[in-house]
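Presented below is the structure to which this report refers.
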Amino acid sequence: MATNTKTEPFAIKDCALSAIATGRRAQNLRELRDGVLTVHPGSIYYHFWGGLLRPGFDDPEYNNDFASWARHRLHDTKLAERLGVIDPAEFGEIEALRQEVIDVIEERLDETEFLSWAPRDHQFHFIRAQTVVFDTRRRLENPSELAAAVPGLSVGSIYYHVIDARRRGPQGVDDFRAWLSQFGERYADLNARLAELDPYFVTLTELRGRLSSIFSDYFTGDGQ
Amino acid sequence: MTMLSAYAGVAGEDVIDHLKQLAAPLKGMKVVHVNSTRQGGGVAEILNWLIPLKRELGLDARWEVITGQHAFYQCTKHFHNALQGNPALVTEALLKEYVDTNRRCAEELGPVLRDADMVFIHDPQPAALIRHFPEPRGKWVWRCHIDASHPYRPVWKYLRNIVGDYHASIFSLADFAQTLPHPVYLIPPSIDPLSEKNMDLPAEEIRDVCARFGIDTARPMMLQVSRFDRFKDPLGVIEAYRQATAFIPTLQLVLAGGGASDDPEGEAVLAEVRAAANEDPDIHILLLPSDAHRTINALQRAADFVLQKSLKEGFGLTVAEAMWKGKPVIGGDTGGIRLQVINHHTGFLVNSPEGAALRIRYLLHHREKLLEMGIKAREFVRQHFLTTRHLREYLTLMVALAHGGEDRVVLG
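Quick note, the sequences are listed as chains B and C, same order.
In terms of this note's numbering, the first sequence opens at residue 7 and continues consecutively.
In terms of this note's numbering, the second sequence opens at residue 3 and continues consecutively.
Here you go:
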């Protein structure tokens with residue numbers, strides 16, 4: 007049921023990331039643990055989500071940088087699997103995510119007699135990101151406009167409204183759901199479908215395609 | 003047609019809109035880039051498109067070049083080699099020439115640099131300019147295009163004292179970066195899809211270029227484009243060719259090298275390469291002028307695949323150039339080549355002439371795989387290594403620096 011309260015339009019924003027080297031490196035598992043313990047929180051975030059905006063081909067097994075490094079540089083598949091299964095979307099606070107990574111690494115350190123070392127040129131580099139957010143000046147007044155607008159959004163906009171939104175808003179959800187929720191129960195079905203979308207296992211382009219399908223299907227009935 | 007609309011045709015309208023919005027808060031900003039050569043080498047190529055694009059986006063951008071005597075270039079060549087890890091003896095006399103040249107250039111460029119809101123200094127050659135502007139009005143950024151992951155320490159110590167004065171620095175990869183007392187940004191370079199070196203060419207022009215150099219288009223040909231520099235390992239390429247021709251005797255090798263005005267070692271390496279080729283009629287050693295962009299473009303398009311068997315590499319723009327033309331690349335497992343050659347996707351990473359020879363044979367025996375990798379390579383470059391992505395990262399950095407380098411800058 008629609009409310010009488012005036013609703014805010016959806017402001018389409020965009021963002022761009024600058025990668026910054028923290029200067030911290032790790033060549034073995036203990037150094038990685040020490041780095042994760044103290045590095046800037048933005049670096050933990052970057053190594054889980056930053057891959058979406060970086061060159062590379064999908065590594066479906068190890069979709070965070072810690073897991074990928076453990077597999078490809080330390081050749082520790084058991085650790086890589088344990089790190090790879092961590093889903094950052096399940097952790098509301100970055101510090102909780104940091105602690106989870108530390109726990110997994112420490113468990114592995116307890117099991118390990120000898121430390122594996124990465125080659126000199128394949129160290130783990132802790133990187134963090136600086137985010138610049140800008141307003142595209144485009145506004146959506148009605149949710150039905152999402153069907154036409156979303157396919158034309160840049161990958162930066164998708165990143166901002168889906169990935170970045172989760173750590174920004176108090177509800178920890180993407181901006182689309184947050185906006186739709188102000189219309190009361192009217193778009194509850196649509197919100198439920200959006201909630202099923204798992205952004206961690208797809209590229210931003212694929213994510214845009216899936217969002218487009220959901221909105222198109224919901225509002226025009228011809229989505230795939 | 004404006005440059006931006008031309009890029010929109012290749013990269014997409016949304017990408018250009020994104021750039022315009024990012025550039026909006028920087029309109030009118032005075033930006034100066036300084037390097038040491040107007041032609042030859044990757045830096046000059048980048049600045050050739052970067053400056054006009056920044057201007058079209060409303061920034062007051064300009065490009066200044068410093069020049070010196072032979073001793074200055076000798077000194078900076080030593081710096082370059084030392085940053086790449088090669089022990090280099092830089093004499094007091096050469097250092098004096100370096101300091102004096104930078105002092106003279108600082109006097110010449112004084113009004114421009116004092117007035118700038120942002121100054122980008124490329125590589126070590128003009129790095130010491132900052133010494134002559136102790137309280138600069140604008141932000142000074144040192145852009146290092148070199149793989150400085152394991153520098154020769156005595157030289158790095160000298161340079162670190164200078165570049166530590168900058169407000170920020172940029173390296174191409176985290177592996178290349180050194181710890182410095184300011185934010186160290188990571189920005190890989192890019193290629194210009196509209197330049198003479200990368201634009202589409204008519205088939206007859208490609209045939210004509212091959213005919214001019216005696217290359218038989220009916221037989222397989224592989225190419226390495228690079229300066230005649232030991233770090234590019236042209237001798238290793240010849241060795242790989244020799245091993246591969248034992249199985250594929252029709253194979254031809256083209257080594258196309260340009261000279262850069264700030265590289266005095268080129269001639270010595272070229273002589274070694276000629277000696278190693280030993281007048282083999284199927285090894286074509288081409289010494290091309292620095293403006294032979296269309297010729298290089300044609301050779302890359304004529305090649306079956308491309309080699310970049312460097313032992314050390316800053317980034318290796320020739321890799322992205324070849325990939326943009328749909329060619330898989332067999333590249334040295336080093337530096338920026340690793341970011342572009344994704345093993346088994348866009349080419350192969352190798353660590354020896356033997357490794358290169360094996361991959362040469364593989365590609366020539368699996369033509370379907372060669373084509374598939376070429377298609378992937380082009381798309382990979384479209385997404386990640388075109389000028390538009392590079393410019394976006396520069397603009398992002400500039401916005402961030404202009405706002406005090408906070409973690410999160412929200413505009414408008």
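Think of the CB as a built atom: it goes at the ideal place given N, C-alpha and C, for glycine as much as any other residue.
Judging by CA-CA distance, which residue of the options is the nearest neighbour of residue i?
i: Leu200 (chain B); options: B:Phe207, B:Asp223, B:Pro94, B:Arg183; result: B:Arg183
i: Lys159 (chain C); options: C:Val92, C:Phe122, C:Thr219, C:Ser197; result: C:Val92
i: Asn200 (chain C); options: C:Asp284, C:Arg214, C:Ala294; result: C:Ala294
i: Met5 (chain C); options: C:Ala84, C:Arg40, C:Lys56; result: C:Lys56
i: Gly90 (chain B); options: B:Ser219, B:Tyr166, B:Glu106; result: B:Glu106
i: Phe189 (chain B); options: B:Gln177, B:Arg174, B:Glu147; result: B:Glu147
i: Arg15 (chain B); options: B:His46, B:His131, B:Ser150; result: At residue 15 (chain B) the sequence reads Pro, which differs from the Arg that was named. Among B:His46, B:His131, B:Ser150, the Cα nearest to that of Pro15 (chain B) belongs to B:Ser150.
i: Leu301 (chain C); options: C:Ala277, C:Val256, C:Ala25; result: C:Val256
i: Val45 (chain B); options: B:Glu113, B:Thr83, B:Phe132, B:Phe97; result: B:Phe132
i: Glu94 (chain C); options: C:Ala73, C:Phe307, C:Gly87, C:His152; result: C:Ala73
i: Glu37 (chain B); options: B:Arg173, B:Gln129, B:Arg172, B:Val156; result: B:Gln129
i: Leu366 (chain C); options: C:Asp306, C:Phe382, C:Leu351; result: C:Asp306
i: Tyr364 (chain C); options: C:Glu381, C:Gly260, C:Thr247; result: C:Thr247
i: Val101 (chain C); options: C:Ala10, C:Ala130, C:Leu111; result: C:Ala130
Going along chain C, which residues have a C-beta under 8 angstroms from residue i?
i: Thr137 (chain B); result: Asp409, Arg410, Val411
i: Ile26 (chain B); result: Pro185, Val186, Tyr187, Leu188
Which whole-angstrom value is the C-beta distance of residue i and residue j, which I expect to be below 8 angstroms?
i: Val161 (chain B); j: Thr211 (chain B); result: 6 angstroms
i: Leu159 (chain B); j: Arg214 (chain B); result: 6 angstroms
i: Phe387 (chain C); j: Ala322 (chain C); result: 4 angstroms
i: Ser24 (chain B); j: Gln136 (chain B); result: 4 angstroms
i: Leu52 (chain C); j: Leu21 (chain C); result: Not really, about 12 angstroms apart at Cβ, beyond 8 angstroms.
i: Val17 (chain C); j: Thr390 (chain C); result: 5 angstroms
i: Thr69 (chain C); j: Pro126 (chain C); result: Their Cβ separation, rounded to whole angstroms, is 15 angstroms, which puts Thr69 (chain C) and Pro126 (chain C) out of contact at 8 angstroms.
i: Val412 (chain C); j: Val139 (chain B); result: 5 angstroms
i: Arg2 (chain C); j: Ile332 (chain C); result: This structure does not reach residue 2 (chain C), given that chain C is present from 3 up to 414, and the question cannot be answered.
i: Thr142 (chain B); j: Asp20 (chain B); result: 5 angstroms
i: Gln41 (chain C); j: Ser292 (chain C); result: 5 angstroms
i: Gln310 (chain C); j: Gln226 (chain C); result: 6 angstroms
i: Phe230 (chain C); j: Val271 (chain C); result: 4 angstroms
i: Tyr243 (chain C); j: Leu399 (chain C); result: Actually they do not touch by this definition, with Cβ atoms about 42 angstroms apart.
i: Gly407 (chain C); j: Pro185 (chain C); result: 6 angstroms
i: His286 (chain C); j: Ile217 (chain C); result: 6 angstroms
So with CB distances below 7 angstroms, who are the chain B contacts of residue i?
i: Thr181 (chain C); result: Gly29
i: Gly414 (chain C); result: Phe140, Asp141
i: Glu395 (chain C); result: Ser24
i: Ala402 (chain C); result: Ser24, Gln136, Val138
i: Asp119 (chain C); result: By Cβ distance, chain B contributes nothing, its closest Cβ being about 17 angstroms from Asp119 (chain C), past 7 angstroms.
i: Asp194 (chain C); result: Correct list: empty, because the minimum Cβ distance to chain B is about 18 angstroms.
Any chance the CB of residue i is under 8 angstroms from a heavy atom of the ligand MN?
i: Ile362 (chain C); result: No copy of the ligand MN appears in this structure; indeed no ligand is present at all.
Give the interface partners of residue i over in chain C, defined as CB-CB distance under 9 angstroms, in chain order.
i: Ala171 (chain B); result: The contacting residues do not exist; Ala171 (chain B) stays about 13 angstroms from chain C at best.
Output, in chain order, the set of chain B residues within a Cβ distance shorter than 8 angstroms of residue i.
i: Arg145 (chain C); result: Residues of chain B passing the Cβ test: none, with the nearest at roughly 14 angstroms.
i: His20 (chain C); result: Asp20, Ala22, Ser160, Gly162
i: Thr398 (chain C); result: Ala22, Leu23, Ser24, Gln136, Val138
i: Asp293 (chain C); result: Correct list: empty, because the minimum Cβ distance to chain B is about 30 angstroms.
So with CB distances below 9 angstroms, who are the chain B contacts of residue i?
i: Gln427 (chain C); result: Residue coverage of chain C in this structure runs from 3 to 414, which leaves residue 427 (chain C) outside it and unanswerable.
i: Asp235 (chain C); result: Within 9 angstroms Cβ-Cβ: nothing; Asp235 (chain C) doesn't reach chain B, min ~16 angstroms.
i: Asp471 (chain C); result: It is not possible to answer for residue 471 (chain C), since the shown part of chain C is limited to 3 through 414.
Got a sec: is the Cβ-Cβ distance from residue i to anything in chain A below 9 angstroms?
i: Thr69 (chain C); result: No chain A appears in the structure shown, which is made up of the protein chains B and C.
Check distances from the C-beta atoms of the segment 148 to 160 of chain C to those of chain B and list, in chain order, the residues that come in under 9 angstroms.
-> Those residues of the segment 148 to 160 of chain C that come within reach of chain B (Cβ to Cβ, closer than 9 angstroms) are Ser151, His152.
Secondary structure, alpha helix (DSSP H): runs of 4+ residues fully inside the segment 136 to 206 of chain C | Runs found: 155 to 165.
Taking only beta carbons into account, state which residues of the segment 239 to 262 of chain C come closer than 8 angstroms to chain B, listed in chain order.
-> For the segment 239 to 262 of chain C, there are no residues whose beta carbon sits under 8 angstroms from a beta carbon of chain B.
Taking a Cβ distance cut-off of 9 angstroms, strictly less, list which residues of the segment 121 to 133 of chain B are near chain C, in chain order.
-> Within the segment 121 to 133 of chain B, Arg126, Asp127, His128, Gln129, His131, Phe132, Ile133 place their CB atoms closer than 9 angstroms to a CB of chain C, listed in sequence order.
Run through the segment 263 to 305 of chain C for me and flag every whole beta strand (DSSP E) of 3 or more residues, listed as ranges in chain order.
-> Qualifying beta strand (DSSP E) stretches, in chain order: 285 to 290.
Residue ranges of each beta strand (DSSP E) within the segment 36 to 84 of chain C, 3 or longer = Taking only runs of at least 3 residues, the beta strand (DSSP E) segments lying wholly in the segment 36 to 84 of chain C are 62 to 67.
Closer than 9 angstroms, Cβ to Cβ, to anything on chain C: give me those residues from the segment 171 to 197 of chain B, in chain order.
-> Those would be none; no residue qualifies.
If contact means a Cβ-Cβ distance below 8 angstroms, which residues of the segment 163 to 178 of chain C contact chain B?
-> Result list: Phe173, Ala176, Asp177.
Taking any Cβ of chain C, which residues in the segment 40 to 52 of chain B have a Cβ under 7 angstroms from it, in chain order?
-> Listed by position, the residues of the segment 40 to 52 of chain B near chain C (Cβ gap below 7 angstroms) are Gly48.
Of all the beta strand (DSSP E) runs that stay within the bounds of the segment 108 to 172 of chain B, which reach a length of 3 or more residues?
-> Counting only runs of 3 or more, we get 130 to 146.
Which ranges would you report for the alpha helix (DSSP H) in the segment 198 to 252 of chain C if only whole runs of at least 4 residues count?
-> Counting only runs of 4 or more, we get 205 to 214, 236 to 247.
Residue ranges of each alpha helix (DSSP H) within the segment 304 to 376 of chain C, 4 or longer | Segments of the alpha helix (DSSP H) lying fully in the segment 304 to 376 of chain C: 319 to 326, 339 to 342, 355 to 367.
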